[in-house]
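Structure first, then comments.
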Amino acid sequence: MRAFLKSSEGCFQLKLCTTTIGRHPGADIILQSAGVADHHAALQFAPSNNSFVLQDFNSLHGTFVNSCQVQNTAVTVSPGNILRFGAGGASFQLVVDGAAQVRRGAAAQGRV
């Protein structure tokens, strides 16, 4: 299974385990948008329950899943969810090859 974050800024393939997101040059996905922290968030595939977990690292401007703010917590996300990092940044859609096999998350069900 392959997973991606897609936006107008491009398409970023996620790592098999954990993908880090932020301004820091060591991040897996480097974003220069306003409000993105050096170490902003991470997306992790959890094979035990076949889902993705988004963790915000207590970023000042937060992380958003389908327009709901997530700050300093972890939430389950699903293919098709729209993610945004910081204030006014680009929106990214979580896209998964083999998406039918990935469990629907709390964000998709309105429990963020």
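Numbers in the numbering used here are just positions in the sequence shown, counted from 1, shifted up by 62. Even for Gly, the Cβ is constructed at its ideal location relative to N, Cα and C.
* Assumed close pair ARG85, ALA104 - CB separation to whole angstroms, cut-off 8 Å -> In fact, because the Cβ distance is near 14 Å, the residues do not count as touching under 8 Å.
* **Which residues DSSP lists as bridging GLY72, in chain order** => SER69
* Give me the Cβ distance between ILE83 and PHE126, rounded to the nearest whole Å; I'm assuming they're in contact under 8 Å. => With 8 Å as the limit, ILE83 and PHE126 do not qualify as a contact, their Cβ atoms being about 13 Å apart.
* Tell whether a beta-carbon distance below 7 Å holds between GLN133 and GLY124. => yes
* To do: Look up VAL98 in the DSSP assignment and say whether it is helix, strand or coil.
  => coil
* Thinking C-beta only, is PHE107 closer than 7 Å to VAL139? -> no
* **Candidates SER95, GLN94, PHE66, of which the one nearest THR81 by Cα** => PHE66
* For LEU145, name the three-state secondary structure that DSSP assigns. => strand
* Please look up how many angstroms separate the CB atoms of ALA152 and SER69, rounded, as I've assumed it's under 8 Å. => 4 Å
* Asked: Going by Cα to Cα distance, which pick from CYS79, ASN120, PRO141, HIS102 is closest to THR135?
  -> ASN120
* Name the DSSP beta bridge partners of GLN133, please? -> None, per the DSSP bridge assignment.
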